[in-house]
């Protein structure tokens with residue numbers, strides 16, 4: 001039974017030859033010879049069964065295992081067995097994914113198409129989009145779906161958060177995690193970023209590995225963690241999630257999947273899964289659900305957060321929350337978007353503020369003319385925003401969550417004496433000083 005499972009790829013067998021020689025197991029000689037002779041002489045045991053046992057012994061005896069002789073220290077033997085199990089055991093533990101991943105199947109299939117799983121090349125793939133759009137969830141789902149096709153695998157989350165300010169110590173920690181995940185050799189310790197580069201480049205070059213670097217935001221992270229194609233064995237796949245397309249260009253990653261906002265039906269279904277634990281609105285909540293979904297603008301993060309906030313609440317609560325969201329959007333959602341905004345330079349921030357507050361939905365050429373006339377570098381600013389996925393459909397539609405994020409940022413920087421701030425698409429921008 002065990003040998004059959006090994007042949008079908010269902011199990012990995014590590015034989016422990018305890019006080020016996022592998023050759024005796026393989027040939028059923030010495031201590032095994034008499035035992036098999038007794039089985040063959042037993043009329044109650046079918047000859048076919050005995051031959052099946054012999055075949056299994058031949059198979060097991062041919063597998064490289066752990067040979068334990070009588071003079072070996074058994075404490076060392078146990079350590080050797082544990083190390084071998086850790087090295088040989090595939091990384092197939094399930095990843096903690098949300099219970100309901102609405103629309104994820106088609107997105108996983110599309111990423112797998114870009115990954116070209118039948119090819120033996122080493123391939124880097126980027127997964128891009130604005131914050132809260134579902135990049136991490138998608139990367140995790142793809143990782144879980146394909147990781148058993150690789151010798152080793154590693155998924156490192158929140159790289160941006162871990163390697164704040166690109167401190168060398170934090171980069172070393174990331175390199176160490178990558179080595180630990182893939183090689184599982186505790187004796188390998190990263191001494192410096194350069195040392196980590198050398199270890200990764202030399203130790204992984206013969207392995208077919210799957211690596212996901214989640215939420216990368218600086219080219220050094222890619223340079224020191226996944227270097228170049230020559231670092232890895234044939235068939236390796238490396239996925240990088242990021243909000244910054246320029247980062248992928250700098251590392252010459254040309255295969256890119258763009259995460260877009262969820263469309264009406266999918267967005268409503270995802271929201272309802274969080275709010276009602278089913279794929280459609282409860283009776284009497286249809287209009288309220290549509291209003292919340294429209295406000296969220298197709299952002300999975302916002303849809304999930306709002307759905308969980310409203311789950312189990314009555315209609316009055318829903319109405320009040322909708323009114324509240326129009327004034328003070330959920331902090332968790334705003335916080336994620338503000339982090340992205342904080343990484344923009346001064347010109348990019350001003351361009352985005354004007355577009356979000358005054359110019360959303362306008363013709364792009366008109367937008368550029370207006371921004372240029374008030375002293376902004378419009379072409380550069382808009383290109384930068386597009387590459388950072390802050391444009392939301394190339395200026396066509398900017399969801400209300402994003403607009404409110406901009407307003408909140410402005411209010412935080414506005415003197416207390418200013419009591420009212422009125423911003424709408426009909427407002428006329430005057431000068432850049434109003435945002436400084």
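Numbering (full-length UniProt numbering), first residue to last: 1 to 436.
Glycine is no exception: its CB is placed at the ideal position from the N, C-alpha and C atoms.
Cβ-Cβ separation, residue j to residue i (assumed contact under 8 Å), whole Å
i	j	result
residue 204	residue 240	Not quite, the Cβ-Cβ distance comes to about 16 Å (not below 8 Å), so this is no contact.
residue 145	residue 108	6 Å
residue 229	residue 122	4 Å
residue 142	residue 171	Not really, about 25 Å apart at Cβ, beyond 8 Å.
residue 244	residue 217	6 Å
residue 215	residue 158	6 Å
residue 276	residue 325	In fact, because the Cβ distance is near 18 Å, the residues do not count as touching under 8 Å.
residue 68	residue 77	5 Å
residue 238	residue 124	5 Å
residue 6	residue 17	The pair is not a contact, with the Cβ atoms about 16 Å apart (cut-off 8 Å).
residue 247	residue 291	Rounded, the Cβ-Cβ distance is 36 Å, inconsistent with contact.
Nearest to residue i (by Cα), restricted to the options the options
i	options	result
residue 319	284, 345, 304 and 131	284
residue 220	231, 192, 191 and 251	251
residue 175	210, 149 and 223	223
residue 183	192, 171, 208 and 160	208
residue 235	273, 116, 137 and 192	116
residue 274	260, 287 and 293	293
residue 353	17, 186 and 382	382
residue 13	66, 316, 27 and 111	66
residue 347	366, 369, 376 and 325	376
residue 464	46, 139, 68 and 367	The chain is shown from 1 up to 436; residue 464 falls before or after that span and cannot be answered.
residue 233	345, 288, 206 and 278	206
residue 351	378, 309, 365 and 57	378
residue 51	69, 72 and 27	27
residue 110	344, 324 and 260	260
residue 298	264, 169 and 370	264
residue 191	288, 113 and 169	169
residue 137	119, 25 and 105	105
residue 35	57, 186 and 247	57
residue 344	189, 367, 384 and 227	384
residue 288	188, 369, 133 and 316	316
residue 437	272, 147, 280 and 202	Since the first residue of the chain shown is 1 and the last is 436, residue 437 is not available in this structure.
residue 231	262, 179, 374 and 185	179
Residue range of the alpha helix (DSSP H) that includes residue i
i	result
residue 156	Where residue 156 is concerned, there is no enclosing alpha helix (DSSP H), although the beta strand (DSSP E) it sits in stretches over 152-156.
residue 308	300-310
residue 27	22-27
residue 276	264-276
residue 190	Run containing residue 190: none; DSSP gives neither H nor E here.
residue 314	Where residue 314 is concerned, there is no enclosing alpha helix (DSSP H), given that its DSSP letter is neither H nor E.
residue 289	286-296
residue 104	104-115
residue 354	346-354
residue 39	31-41
residue 373	364-373
residue 465	This structure leaves residue 465 out entirely; the chain is present only between 1 and 436.
residue 281	It is not in any alpha helix (DSSP H) - residue 281 carries neither H nor E in the DSSP assignment.
residue 53	47-61
residue 4	2-7
residue 220	219-226
residue 162	159-162
Residues that residue i bridges to, as DSSP identifies them
i	result
residue 178	For residue 178, which the question treats as bridged, DSSP gives no partner whatsoever.
residue 237	123 and 210
residue 255	125
residue 67	17
residue 243	Its beta-bridge partners do not exist; DSSP assigns none.
Any C-beta of chain C under 9 Å from that of residue i
i	result
residue 64	Although the question refers to chain C, the structure presented lacks it and comprises just one protein chain.
Margin query: So, does the region 143-156 touch the region 123-131, judging by three or more C-beta pairs under 8 Å?
Written below: no
Checklist line | Three-pair Cβ contact test at 8 Å for the region 55-67 versus the region 14-31 | finding: yes
Next item on the list: Check whether the region 187-202 touches the region 254-272, taking contact to mean three or more Cβ pairs, one atom from each stretch, closer than 8 Å.
Entry: Not touching, per the Cβ criterion.
Margin query: Using a Cβ distance threshold of 8 Å, determine whether the region 288-305 contacts the region 262-271, with at least three qualifying pairs required.
Written below: Note that the region 288-305 touches the region 262-271; at least 3 beta-carbon pairs, one per stretch, sit closer than 8 Å.
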